[in-house]
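According to the working numbering, the sequence shown is numbered sequentially starting from 73. C-beta: ideal position from N, C-alpha, C; glycine also. What you are looking at is a predicted structure, and each value in this text was computed from that prediction instead of being measured.
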Amino acid sequence: MRGVFINPVSSVEGEIQVPGDKSISHRAALLGGMAHGETHVSNFLLGQDCLSTLRCLKQLGVHWERQGTEVWIRGEGMEAWQEPSDVLDAGNSGTTSRLMLGALAGSPFAVTLTGDASLRSRPMRRVTDPLKQMGAQIMGRKGGDFAPLTMSGGHLQGQVFRTTVASAQVKSAIILAGLRASGETRVEEPALSRDHTERMLRGFGVEVQSEETVVKVHGGGCLTGQKVSVPGDISSAAFFLVLGSLVGRGEMILPNVGVNPTRTGILDALKAMGADIELLNVSEICGEPRATLRVRPAQLKGIEIGGTLIPRLIDEIPILAVAASFAEGETVIRDAAELRVKETDRIRTVAVGLNALGAKVEELPDGLRIQGQTSLRGGQASSLGDHRLAMAWAIAGLVSKEGVSVENMEAADVSYPDFLSVIKKVAQ
Ligand code: S3P
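As structure tokens, this is what we get:
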């Protein structure tokens, strides 16, 4: 298959409004469907993943309408959800599948949930085990670890969980099930993962207690429809932050980007590498902080990252690895074994892809070791169907010597449908 060829550029200029946050869009649709009354979502992400969540809700009998990036959901509460007459298809989306299972665990009917080949190879026991402990019956491939999964929900009992991975999808699935369980449900994570579910539930009128890495909810809470304004996705902005840092000349402005502290690890890492990034006009709307980001070129230097920073930048590691390939010295990323169970095994696919373009990347069991260089040759790289790889290779092409041919570039549609036309606009 012929790829999309990305030519190198020497400068970038312009203002880019990155599309709505993927995590927040999923939650706005799902909580809107669980609530009583109308929910209006603005700047909803039209990526394939969030459209999967909307499609699943329709199959459950939730009424919604969409015009462009605005979505109106006519919530009638979860009591009104109906047994779907067909399999729910979460496509490529781990968030759709895991949060949907949590939300449905208290429903007294059967659902079967599946997804594409990538999703069917991703571990599900991390959510099916706790939901089973709460009282749901779940069967799936390999003892319930892989989709297709069939769940028959019903009476749930609140429980205390200590998770072994810092995962917002796991935490959120348990919290959503906890809302329909008797008594209290408590989740403690090894490090704090993104907290959009907790923040948005409060906006929908539910009491959620959280302190550091512990979250508690009580069953029986009722959600009331809300207006949700989705900020731009910092995970999408990350591609331009790296482009704007590595390119020779120019300045880029990214207005209205979500800067929730559980997501800003990429800002911390790039700044520690010497990036020239400034936050302007910081504000908070619908419980989520946002800001305008300004980026200018800078010489980056290698750093070591690991520990509690990792969940705060887990989705940005592919593009961070591109940045590290141009940094002075070595960058070491550790404690990131979770990357092996993302849309692809991103430790392997990032190392293989970047090395094919002329970088020096070593695969570690739980991360990457990257020797920075002054330039990157370019060549051919495939997204392997992974949206974040598609965009990382395109950015690598813009800052390479010879350009990059990106195979399966359309994978970017999962989280950034307009990506190619936007880079054509800013790259000169
Ligand atoms: C997400 C959580 C993260 C992230 C994913 C979106 C979410 O996954 O990688 O892209 O919306 O909750 P984990 O929670 O499994 O780490």
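Buried/exposed call for residue i, threshold 16 Cβ in 10 Å
i      : result
Cys122 : buried
Gly140 : exposed
His268 : buried
Phe77  : exposed
Asp387 : buried
His227 : exposed
Leu244 : Inspection of the sequence shows that residue 244 is occupied by Ser rather than by Leu. Buried is the call here.
Gln241 : buried
Asp158 : exposed
Leu352 : exposed
Cys128 : buried
Ala347 : buried
Arg321 : exposed
Asp459 : The question names Asp, but residue 459 in the sequence shown is His. That one is buried.
Asn115 : buried
Ile198 : Reading off the sequence shown, one finds Arg at residue 198, where the question assumed Ile. Answer is buried; the Cβ neighbour count reaches 16.
Arg274 : exposed
Ala363 : buried
Lys496 : exposed
Ala581 : Residue coverage of the chain in this structure runs from 73 to 500, which leaves residue 581 outside it and unanswerable.
Gly378 : exposed
Asn79  : exposed
Glu142 : exposed
Gly255 : exposed
Thr168 : buried
Ala182 : exposed
Gly215 : exposed
Ser493 : exposed
Gln229 : exposed
Arg418 : buried
Met481 : buried
Thr380 : exposed
Glu350 : exposed
Arg234 : exposed
Pro437 : exposed
Glu270 : buried
Lys94  : buried
Leu429 : buried
Ala189 : exposed
Val232 : exposed
Val278 : buried
Val319 : buried
Pro333 : exposed
Ile88  : buried
Rounded distance between the beta-carbons of residue j and residue i, thought under 8 Å
i      : j      : result
Ala219 : Leu185 : 6 Å
Trp153 : Ser124 : Rounded, the Cβ-Cβ distance is 17 Å, inconsistent with contact.
Thr285 : Glu260 : 6 Å
Ala453 : Val478 : 6 Å
Ile389 : Ala408 : 6 Å
Ser265 : Ala238 : 5 Å
Leu342 : Ala423 : Contact flag wrong, Cβ pair sits at about 20 Å.
Leu52  : Val81  : Nothing can be reported for residue 52, as the shown portion of the chain is limited to 73 through 500.
Gly401 : Lys373 : 6 Å
Gly293 : Leu251 : 5 Å
Gly25  : Ile246 : The question about residue 25 has no answer, for the chain in this structure spans 73 to 500.
Met272 : Arg99  : 5 Å
Asn164 : Glu415 : 6 Å
Leu461 : Val84  : In fact, because the Cβ distance is near 21 Å, the residues do not count as touching under 8 Å.
Leu117 : Pro156 : That belief does not hold up - the Cβ atoms of Leu117 and Pro156 are roughly 23 Å apart, past 8 Å.
Gly457 : Val404 : At roughly 28 Å, the Cβ-Cβ gap does not stay under 8 Å, so Gly457 and Val404 are not in contact.
Ala344 : Ile375 : 5 Å
Leu385 : Ile338 : 5 Å
Residue i: CB within 7 Å of a non-hydrogen atom of the ligand HEM
i      : result
Ala409 : Annotation note on the ligand HEM: not contained in the displayed structure, which lists the ligand S3P as its ligands.
Inset, instruction - State whether the region 443–452 contacts the region 96–108, with contact taken as three or more CB pairs (one from each stretch) at a distance under 8 Å. - result: no
Inset, instruction - Flag this pair as touching only if the region 357–364 and the region 294–312 have three or more C-beta atom pairs under 8 Å; answer yes or no. - result: yes
Inset, instruction - Report yes or no: do three or more beta-carbon pairs, one from the region 473–493 and one from the region 431–442, lie closer than 8 Å? - result: no
Inset, instruction - Indicate whether the contact test is met: 3 or more Cβ pairs, each with one atom in the region 301–319 and one in the region 478–488, closer than 8 Å. - result: yes
Inset, instruction - Give, in chain order, every unbroken run of the beta strand (DSSP E) that is at least 3 residues long and sits entirely within the region 380–408. - result: 402–405
Inset, instruction - Pick out the complete beta strand (DSSP E) segments inside the region 199–232, 3 residues or longer, and give them in chain order. - result: 209–212, 218–224
Legend entry - Any beta strand (DSSP E) of 3 or more consecutive residues that is wholly inside the region 231–300: 232–234, 256–260, 280–283, 286–290
Inset, instruction - Entirely within the region 93–125 and at least 3 residues each: give me those beta strand (DSSP E) ranges in chain order. - result: 108–114
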